[in-house]
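Numbering (the working numbering), first residue to last: 1 to 120.
1. Considering residue 8, what are the terminal residues of the alpha helix (DSSP H) in which it resides?
2. Verify whether the separation of the beta carbon atoms of residue 10 and residue 22 is less than 8 angstroms.
3. Which of the three DSSP states, helix, strand or coil, is assigned to residue 44?
4. Can you tell which of 30, 38, 24 has the C-alpha that lies nearest to the C-alpha of residue 51?
5. Residue 27 lies in the alpha helix (DSSP H); which residues open and close that run?
6. At the level of alpha carbons, what is the spacing between residue 100 and residue 47?
7. Residue 76: which of 39, 84, 103, 86 sits nearest, CA to CA?
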């Protein structure tokens, strides 16, 4: 690849204005990226290593179907939860609400979809 093509690729990546010469472009790129200017070829190689060779951030992994919990499954867990008879009605409601809140946080749904705050 020619010096001009390499310089133009860096100019596009850094988004600066092109000057009238390759040397001027490389100096401007070096100033923008904080790379010392040591001649066109040497500085251009350093700029390419600094700017173009940087690895792109890895994309976030897609959720696996088995890792996601649906609101229906969460409600089923909540409804099948057996609490001790020794709890008062208020304690029973508080425990069920706490479980619903913990499930809702992981589902990113309103707690009201899961919680039944009616005492038994």
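From the three backbone atoms N, C-alpha and C, an ideal C-beta is built for every residue, glycine too.
The structure presented is a predicted model; accordingly, all values stated were derived computationally and were not measured.
Taking the definition as stated:
1. Looking at the DSSP string, the run of the alpha helix (DSSP H) that includes residue 8 is 3-14.
2. Taking 8 angstroms as the Cβ cut-off, residue 10 and residue 22 do not qualify as a contacting pair.
3. Of the three classes helix, strand and coil, the one that applies to residue 44 here is helix, per DSSP.
4. Comparing Cα-Cα distances from residue 51 to each of 30, 38, 24, the minimum goes to 30.
5. Membership of residue 27 in the alpha helix (DSSP H) is indicated by the continuous run 22-33.
6. Here the alpha carbon of residue 100 sits roughly 54 angstroms from the alpha carbon of residue 47.
7. The shortest Cα separation from residue 76 among 39, 84, 103, 86 belongs to 103.
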